[in-house]
Amino acid sequence: MNKSENNMSCAEFQAQLPELFGCGEVIGDHPHLQRCNLCRALLADLNAIAEAARDLFPVKEPTDADALWENIESAIAHEGVV
Ligand SMILES: [Zn+2]
791 MNKSENNMSC AEFQAQLPEL FGCGEVIGDH PHLQRCNLCR ALLADLNAIA EAARDLFPVK
851 EPTDADALWE NIESAIAHEG VV
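Per this note's numbering, the sequence shown runs over residues 791 to 872.
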C-alpha cells in the first residue's frame, strides 16, 4: 500500500479492477473502498457478475484472468448493466 493508492480517484480505481480481480487479491480491503461507497457498491455488483460469469463461461485456465475479465465484460453487455 502506498500513498497514491489512498488518494486514488474512482476512475483510477476502476481502471485497476481487472488487474485486481486477476491477481485474486481481496479487493474489499483496498484503501479506496474504505472511503468510497460508490466503488464498494460497484464492486459488490461486479462480484455478483463475476460469480455468474464463472458459471456461464467456465474458464479452462483458472489463472487466465484476461479471459475471465472478457467474460465478465460480455456478461455485463448482455445484462445491459452498463
Ligand atoms: Zn470510488
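Backbone N, C-alpha and C fix where the C-beta goes; we use that ideal spot for every residue, glycine too. Owing to the predicted nature of the structure, the values given are computational and were not obtained by experimental measurement.
If you draw a straight line from the Cα of residue 806 to the Cα of residue 843, it is about 19 Å long. Around the beta-carbon of residue 836, 16 or more other beta-carbon atoms lie within 10 Å, marking it buried.
According to the DSSP assignment, residue 856 belongs to the alpha helix (DSSP H) that extends over 855–869. Taking a C-beta distance under 7 Å as the contact criterion, residue 834 and residue 862 do not qualify as a contact pair. Checking the 6 Å criterion, the Cβ of residue 803 is within range of a heavy atom belonging to ligand 1. Here residue 855 is not near residue 818, since their CB atoms are 7 Å or more apart. Residue side-chain check: residue 833 keeps its Cβ at 6 Å or more from all non-hydrogen atoms of ligand 1.
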